[in-house]
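Participant:
Protein chains in written order, with the numbering used here: chain A, -14 to 422; chain B, -14 to 422.
1) What are the boundary residues of the beta strand (DSSP E) that includes residue 18 of chain B?
2) According to the neighbour-count rule (16 or more other Cβ atoms, all chains shown, within 10 Å of its Cβ), is residue 174 of chain B buried or exposed?
3) Name, please, each residue of chain B whose Cβ falls closer than 7 Å to the Cβ of residue 135 of chain A.
4) Answer with buried or exposed for residue -14 of chain B, where buried requires no fewer than 16 other C-beta atoms within 10 angstroms of its C-beta.
5) Check whether the Cβ atoms of residue 189 of chain B and residue 238 of chain B sit closer than 8 Å, and answer yes or no.
6) Going by the beta-carbon positions, is the gap between residue 56 of chain A and residue 76 of chain A smaller than 8 Å?
7) Would you call the region 288 to 297 of chain B and the region 319 to 327 of chain A in contact, with 3 or more CB pairs under 8 Å?
8) I need the DSSP call for residue 392 of chain A, collapsed to helix, strand or coil.
9) Can the beta-carbon of residue 16 of chain A be found closer than 8 Å to that of residue 30 of chain A?
10) Based on the DSSP output, what are the partners of residue 171 of chain A in its beta bridges?
11) What would DSSP say about residue 44 of chain B, mapped onto helix, strand or coil?
12) Going by DSSP in three states, residue 89 of chain A sits in which element: helix, strand or coil?
13) Below 8 Å on the Cβ atoms is my contact criterion, and I expect residue 106 of chain A with residue 62 of chain A to pass it. Report the Cβ-Cβ distance as a whole number of Å.
14) Roughly how many angstroms separate the alpha carbons of residue 180 of chain A and residue 310 of chain A, rounded to a whole number?
15) Would you mind reading off the limits of the alpha helix (DSSP H) that contains residue 403 of chain A?
16) For residue 113 of chain B, report the span of its alpha helix (DSSP H) as first-last.
17) Could you check whether residue 170 of chain B and residue 384 of chain B sit closer than 8 Å to each other, using their CB atoms as the reference points?
18) Provide the residue span of the beta strand (DSSP E) that contains residue 371 of chain B, from first to last.
19) Using CA atoms only, rank isn't needed, just tell me which of A:116, A:292, A:245 is closest to residue 272 of chain A.
20) Can you grab the Cα-Cα spacing for the pair residue 368 of chain B / residue 303 of chain B, in whole Å?
21) Classify residue 262 of chain B as buried or exposed, calling it buried when 16 or more other Cβ atoms lie within 10 Å of its own Cβ.
22) Cβ atoms of residue 229 of chain A and residue 241 of chain A: under 8 Å apart, would you say?
23) Which bits of chain B does residue 42 of chain A rub up against, with CB to CB less than 8 Å?
24) Indicate the three-state DSSP secondary structure (helix, strand or coil) for residue 298 of chain A in the structure shown.
25) Going along the chain, which residues of its own chain have a beta-carbon closer than 7 Å to the beta-carbon of residue 112 of chain A, five neighbours each way excluded?
26) In this structure, does DSSP put residue 83 of chain A in helix, strand or coil?
27) List, from N- to C-terminal side, the alpha helix (DSSP H) runs of 4 residues or more that fit wholly inside the region 222 to 298 of chain A.
28) Would you call the CB atoms of residue 23 of chain B and residue -7 of chain B closer than 8 Å?
29) Do you know offhand how far residue 141 of chain B's Cα is from residue 133 of chain B's?
30) In whole angstroms, what is the alpha-carbon distance linking residue 404 of chain A and residue 25 of chain A?
31) With a threshold of 16 other CB atoms inside 10 Å of the CB of residue 38 of chain B, please say whether the residue is buried or exposed.
32) Helix, strand or coil: which one does DSSP assign to residue 1 of chain A?
33) Among A:32, A:73, A:362, whose alpha-carbon lies nearest the alpha-carbon of residue 108 of chain A?
34) Residue 45 of chain B versus chain A: which residues are under 7 Å apart at the beta carbon?
35) Nearest by alpha-carbon distance to residue 423 of chain A: which of A:125, A:139, A:177 is it?
36) Thinking C-beta only, is residue 354 of chain A closer than 8 Å to residue 156 of chain A?
Okay, structure coming up:
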């Protein structure tokens, strides 16, 4: 009987602000970071997970992961992997730690790392990638993953079972199709605010040449600049490529509507995070006003309760899950089921550090066993920092190729763990690029 | 020119779970705790603040406070106290730290401690209690405290200025009345779930004898038990005393409605936290169904954006601010202005450790300079842990007496700081009561 012997953490940070990769209207100089965790065991595989941050405060997430550790160390691996929903609910339900959210912010980011690490462990023990592990569960096993509290006014367990049973007969066929054709992606690589016009145009053209049918531009800092950049991008990609825009929460309601009116002539496909991720009613008002432009949000939506309301209020056209923000796979299963109930496509947030690697499992599970469709569904892709992962995502012809390695593909390379540890790794302890010039 | 020389933190925990003080349906065994902070200066007074938690994870809040420290140490005291809104917005707006919320959870709890400590410093330098400091500001100075982002669809700065100007002429008279008569309180002391029937009845009778006109009972664990306890309480206090009930987020919508139907015969005054504090739409549905029982929430509402929506959706009859959860005085000023705009009474959450001491300043400011009324307004009171404060609240005849000491009355006694420090203070490092039996 294997036992979890330790919850090891590490504060990993990448000095991305030095190149303005990842720059947007709210986040001008992020240092992409991961609060990384390994569930060590005395026998068999280990579980790897992380949560994504953009620099300062990554240590606070590490402290939060460690606050859950006493509830995990000493547990039987078999008990954890055979009841992953119970594992997540026990951690999330600890009454003293719950007070610090509840179910939001730093504590949910920490749970994202831990719950995903438990799924990594489960996948590795089963010898299956997590998308497959999930897709082979029975409808009852899938609904057992979910914390049903606060959902019944929108989705009951019985309704979820019906959705899952309806998708059961097509699972084998869709799995085969997924393995052959992959899952559609879109790319944000061209669109960072800090990039020059030349870089924007070149990367947009490359994206089309690489087979992407959708790109995304950051907007929201200066409307005249956005009009100019959007015109450049539209000219670069032509009329048939979708261009989404992303304001990263920069606006109030009226400002969002006015700004999108200015961009309308360039046919934006969706406006992402027009305002606060907490503001269900504002998203509903914006959606009403900017049709036919779609409204998308979710990368900062804190939990299933906010997603439930976004759907109940008809506030979004596109639901963007994040692999780490909402307490991990189990909470995301609840959100996928809610989206299926309301018929809203899920297009995950990714990029950052390792978010592509982890979130692909959720979309692939959604396709095989929940929504059963790829219509209007794309996973975000950013060509950045993948080299630090043991099993980086594989993108060809603008599509994610299904990972075949066991686990959740969150494992960071050992040399990266050493080099990018904060503040003592050589990348941080050594001289900065400016200092060496 | 005085400078802030250090941000000192301390993890304070009180072993309240040993007596079941504070026990409710979601929090069976809290250890009331404070992540405590002192803004040290090289000249003149210091600023004291804290955020309240219920035990485990208090260290995560300490880590979060420390994450903000580099933005504070070395600043001019004069600069901080002359632009408290700017101070709060700079901390809250740090893009890398904002990612960890945004504006919620652990990071907002930490900001609650720090921003309140800055107000303590400002009050002490001005020689005024914070309620008075705020009440003597001009309408323009008060609106400068607020982060206006995300509010304009419900309240503009101009509308806030109108509200504040309308209240200006009555300030002197209301200040005099406040100093003479105090501010009404209600008590939760009798109502903890872990208390015996005898203790419940005795404490309820004492509350009436002490001049309180409202008490509160915890409910939500077992409906038959709640019916029985509610009957006992109603018999103890008679028909004219208001009995509020508090479910501490225990229910889904339909369950909340059914449960309140069972309790209706005992005339509950309000139902507090019937469901998730994130669930604006569920509160609106519950309110519609349980009239004339009022719906109250807010102690876990994460920020002004959630409060704004609760008001926009007509989801609450009673708005319950918390002194520490929402990034401190400045965010609470925004919430008081929103409540005044919508005409909803503010009845603060208090109890815990020191929450009564701090939140009284906000209600008194609201009375003098914002809403201008005491109608249906009461501050929660729990007779617990006040002895640890240098300037504990003074309650007589069921009313808070206005504090006259400069600052925000958050300062903990030096001997308490030593005895209750976690994990090394003698209360924690010594043998537990069970071990000495």
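Heads up, the beta-carbon is just placed ideally off N, CA and C, and yes, glycines get one too.
Facilitator: Well, looking at it:
1) In the DSSP assignment, residue 18 of chain B falls within the beta strand (DSSP E) that extends over 18 to 26.
2) By the 10 Å Cβ count, residue 174 of chain B comes out buried.
3) Ordered by position in chain B, the residues that pass the 7 Å Cβ test against residue 135 of chain A are 237, 260, 261, 264.
4) Answer is exposed; the Cβ neighbour count stays below 16.
5) It is not a contact, given that the beta carbons lie outside the stated cut-off.
6) Result yes, Cβ atoms of residue 56 of chain A and residue 76 of chain A sit closer than 8 Å.
7) Note that the region 288 to 297 of chain B does not touch the region 319 to 327 of chain A; fewer than 3 beta-carbon pairs, one per stretch, sit closer than 8 Å.
8) Residue state for residue 392 of chain A is assigned as strand, using DSSP reduced to three classes.
9) In this structure, the beta-carbon distance from residue 16 of chain A to residue 30 of chain A does not fall below 8 Å.
10) Residue 171 of chain A pairs with A:365.
11) Helix at residue 44 of chain B.
12) Residue state for residue 89 of chain A is assigned as coil, using DSSP reduced to three classes.
13) 7 Å between Cβ atoms; contact.
14) If you take the alpha carbons of residue 180 of chain A and residue 310 of chain A, they lie about 27 Å apart.
15) Bounds of the alpha helix (DSSP H) holding residue 403 of chain A are 399 to 404.
16) Note, residue 113 of chain B: premise wrong, no alpha helix (DSSP H); not H, not E.
17) Taking the C-beta atoms as reference points, residue 170 of chain B is found nearer than 8 Å to residue 384 of chain B.
18) Annotation for residue 371 of chain B: no beta strand (DSSP E) segment contains it, and DSSP assigns it neither H nor E.
19) Comparing Cα-Cα distances from residue 272 of chain A to each of A:116, A:292, A:245, the minimum goes to A:245.
20) Between residue 368 of chain B and residue 303 of chain B, the alpha-carbon positions lie close to 22 Å from each other.
21) When all chains shown are included, residue 262 of chain B counts as buried.
22) By the CB criterion at 8 Å, residue 241 of chain A and residue 229 of chain A fall outside the cutoff.
23) Going along chain B in sequence order, the residues near residue 42 of chain A (Cβ under 8 Å) are 49, 52, 81, 82, 84, 85, 92.
24) DSSP places residue 298 of chain A in coil when its eight states are reduced to three.
25) The residues are 391.
26) Secondary structure of residue 83 of chain A (DSSP, three-state): helix.
27) Complete alpha helix (DSSP H) runs here, min 4: 238 to 248, 265 to 275, 289 to 297.
28) Yes, the Cβ-Cβ distance between residue 23 of chain B and residue -7 of chain B is below 8 Å.
29) Rounded to the nearest angstrom, the two C-alpha atoms are 8 Å apart.
30) Rounded to the nearest angstrom, the two C-alpha atoms are 21 Å apart.
31) When all chains shown are included, residue 38 of chain B counts as buried.
32) Three-state result, residue 1 of chain A: helix.
33) Comparing alpha-carbon positions, the option among A:32, A:73, A:362 lying closest to residue 108 of chain A turns out to be A:32.
34) Correct list: 45, 48, 49, 52, 85, 91.
35) Residue 423 of chain A lies beyond the residue range present for chain A, which begins at -14 and ends at 422; the question has no answer from this structure.
36) Contact flag set, yes.
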